[in-house]
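Quick note: the sequence shown uses full-length UniProt numbering, first residue 1, plus one each step.
Okay, structure first, notes after.
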Amino acid sequence: MSVTIDRDEAMRLAQFWASVSEEHNTDKFQTVLHDDFTMWYNFDPQYRSRAEFVETLKAAHAMFENQKNEDLKITITERGFILQATMTGVLAGENISSPYCFVAEVREGKVYRGEEYFDTAQLTKKAGRPGEGMV
1 MSVTIDRDEA MRLAQFWASV SEEHNTDKFQ TVLHDDFTMW YNFDPQYRSR
51 AEFVETLKAA HAMFENQKNE DLKITITERG FILQATMTGV LAGENISSPY
101 CFVAEVREGK VYRGEEYFDT AQLTKKAGRP GEGMV
């Protein structure tokens, strides 16, 4: 099925996603999530429902401080957008820096599906917890 997206809308959603991810405000985050939103992570390859994603965010926010998306690049695609950045911040009292890529599918003006790829070795190495995923 071919879906045509509004490129301006996709850019607005991408910029919002990048900005709100630094704020750690899950209520605000949910305003751009489709009711049927699902999320997949490379470090735990199973799809999470919208509610499970929000709980994952809350858990990550509880242990991660001063998050910034550095060297942010946004690419609009036929189905949504791709964010590429280096996430920096403080995890378990240690400064971290981890490249990541977020691939989003947009439907009905909201983020319908997300796939996020993190270099978790960078996160766990800096946090001093080898072998564990981010959350």
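Where is the CB? At the ideal position from N, CA and C, for every residue including glycine.
Predicted model only: the values in this text are computed from it and were never measured.
A contact between stretches requires three or more CB pairs, one per stretch, nearer than 8 Å, and the region 28 to 43 meets this requirement with the region 103 to 117. If you look at Asp27, you'll find it in the alpha helix (DSSP H) that goes Thr26 to Gln30. The beta carbon of Glu116 sits closer than 6 Å to the beta carbons of Tyr41 and Phe102 from its chain, once the five residues preceding and following it are set aside; these are given in chain order. In the three-state reduction of the DSSP assignment, Thr56 falls in the helix class. For Glu9, the enclosing alpha helix (DSSP H) begins and ends at Arg7 to Glu23.
If you check the CB distance, Phe118 and Ala104 do not come in under 8 Å.
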